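Numbering (my numbering), first residue to last: 85 to 377. So the structure is just underneath, and the comments pick up after that.
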Amino acid sequence: MDRRKILMLVAATIAGAGTLLIFLYVKGADARAAAGFEQVQVLKAVDTIAVGESVDAAVTAGKVQRSTVPVGQVVPGALDAVTSLSGQVAVVPIAPGEQILASKFATTAATSNGLALSDGHVAISLNLSDTGRVAGFVNPGARVAVFLTGTEDTGERFSRLLLPDVEVVAVGATTLVSQTVTAEGTGATTTEQLPRTLFTLSVDQDQAETLLFAQGMGELAFALLAEDSEVEAGSGVDSDNVFRVSKRDSGRFGPVDTAGEESDTEDDTDTDTDTEAAGTDPASSDETLTEGG
């Protein structure tokens with residue numbers, strides 16, 4: 085075999101080895117890519133699901149479909165079936181493209197009026213601003229304390245606990261918009277759009293009367309309650325005590341320092357003692373001199 089043929093054979097071998105290495109690398113890259121972007125199926129909304137709309141109605145209307153997404157894009161709590169949501173309704177609006185989460189649905193009791201009310205209770209609805217409704221975190225079944233901020237007949241502003249514990253049974257699907265007109269320095273007026281949402285509470289007669297009357301006195305606000313929340317009725321807050329230190333916070337800044345006062349008292353006592361001593365010593369000296377004379 086001549087030299088030329090040997091060189092061609094070596095070149096062919098090297099080319100084949102290079103091709104094999106490239107093939108193995110690409111195959112490994114595909115495997116790594118598949119491992120990093122594993123596909124799973126989840127439920128997604130393909131049309132808007134309104135607050136109060138049942139999951140069964142949404143599925144029947146074709147608003148929910150199964151979709152394939154990478155594992156890294158799955159939202160925690162996303163569902164791949166609606167079986168666990170049977171009989172539940174949406175408590176927040178769900179936009180097209182959103183993954184279906186169990187936390188966005190709640191069970192409603194089968195009652196004649198569609199609301200689950202405690203025995204002897206009635207349902208009343210209130211309009212609250214975004215801040216007054218805890219920025220949208222209040223959902224059906226939540227328990228809230230109701231606070232009132234208003235103005236006394238004397239013109240004094242106040243904030244006070246109105247009801248310590250009431251249950252929210254529904255969050256209205258309709259968002260109302262009220263207009264607040266404010267005067268500018270030039271005398272012109274501007275209109276500010278304030279979003280407000282309808283909430284339905286389960287209350288007894290006394291609580292209903294209190295809430296309905298309080299709406300005309302000022303602005304109502306919810307405080308979302310946890311299992312260990314502590315609220316108690318009191319005199320509330322006004323301009324005279326807005327900077328007060330609450331009972332729970334009374335030790336936050338440490339105990340009152342009375343050492344200075346005690347020190348001052350001790351200094352005063354020492355001064356008095358020195359003065360008495362100074363008044364006594366001259367007299368004693370005079371008496372000694374007299375006796376010596």
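Quick reminder that beta carbons are idealized off the backbone N, C-alpha and C, glycines included. For clarity, every value in this text was computed on a predicted model and none was experimentally measured.
**Study point:** Distance between residue 178 and residue 201 (C-alpha atoms, nearest Å)
**Key:** 26 Å
Practice item. Quick one: grab the DSSP three-state call for residue 284. Key: strand
Check your understanding: What number of angstroms, rounded off, separates the C-alpha of residue 253 from the C-alpha of residue 125?
Key -> 33 Å
Point to revise | beta strand (DSSP E) runs wholly inside the stretch 138 to 175, at least 3 long, in chain order | key: 148 to 154, 172 to 174
Exercise for review: Please state if the CB of residue 161 and the CB of residue 138 are separated by a distance shorter than 8 Å.
Suggested key: no
Practice item. With DSSP as the reference, please indicate the residues paired to residue 128 in a beta bridge. Key: 149, 183
Practice item. Measure the Cβ-Cβ separation of residue 288 and residue 204 and say whether it is below 8 Å. Key: yes
Point to revise | Burial state of residue 286 (16 or more Cβ within 10 Å) | key: buried
Exercise for review: Quickly, what does DSSP pair residue 97 with across the bridge? List them, please.
Suggested key: In DSSP, residue 97 forms no bridge with anything.
Review point. Since residue 210 and residue 232 are thought to touch, with beta carbons under 8 Å apart, how far apart are those beta carbons, to the nearest angstrom?
Key: The Cβ separation is near 11 Å, so there is no contact.
**Study point:** C-alpha gap between residue 108 and residue 191, whole angstroms
**Key:** 54 Å
Exercise for review: Would you identify the three-state DSSP class for residue 236, choosing helix, strand or coil?
Suggested key: coil
**Study point:** Top-ranked residue by Cα proximity to residue 250, from 292, 243, 212, 112
**Key:** 292
Exercise for review: Classify residue 225 as helix, strand or coil using the three-state DSSP reduction.
Suggested key: coil
Practice item. Label residue 183 either buried or exposed according to how many other C-beta atoms from any shown protein chain fall within 10 Å of its C-beta, with 16 as the threshold for buried. Key: buried
Check your understanding: Is DSSP giving residue 290 helix, strand or coil here?
Key -> helix
Check your understanding: What residue range is occupied by the uninterrupted beta strand (DSSP E) comprising residue 305?
Key -> 302 to 308
Check your understanding: Does the distance from the CB of residue 212 to the CB of residue 296 come in under 8 Å?
Key -> no
Exercise for review: Would you kindly work out how many angstroms separate the C-alpha atoms of residue 106 and residue 86, rounded to a whole number?
Suggested key: 31 Å
Review point. Are residue 229 and residue 282 close, meaning C-beta to C-beta below 8 Å?
Key: no
Exercise for review: Let me know the secondary structure DSSP gives residue 191 once reduced to three states.
Suggested key: strand
**Study point:** Nearest residue (CA-CA) to residue 218, options 174, 255, 207
**Key:** 255
Review point. CA-CA distance, residue 140 and residue 170?
Key: 7 Å
Practice item. For residue 241, name the three-state secondary structure that DSSP assigns. Key: strand
**Study point:** For residue 58, three-class secondary structure by DSSP
**Key:** A query on residue 58 cannot be resolved here, the shown segment of the chain reaching from 85 to 377 and no further.
Exercise for review: Rounded to whole angstroms, what's the CA-CA distance from residue 104 to residue 89? Just pull it up for me.
Suggested key: 23 Å
Point to revise | CA nearest to the CA of residue 165, picked from 207, 127, 319 | key: 127
Practice item. Look up residue 201 in the DSSP assignment and say whether it is helix, strand or coil. Key: coil
**Study point:** Which listed residue (328, 159, 302, 319) has its alpha carbon closest to that of residue 239
**Key:** 302
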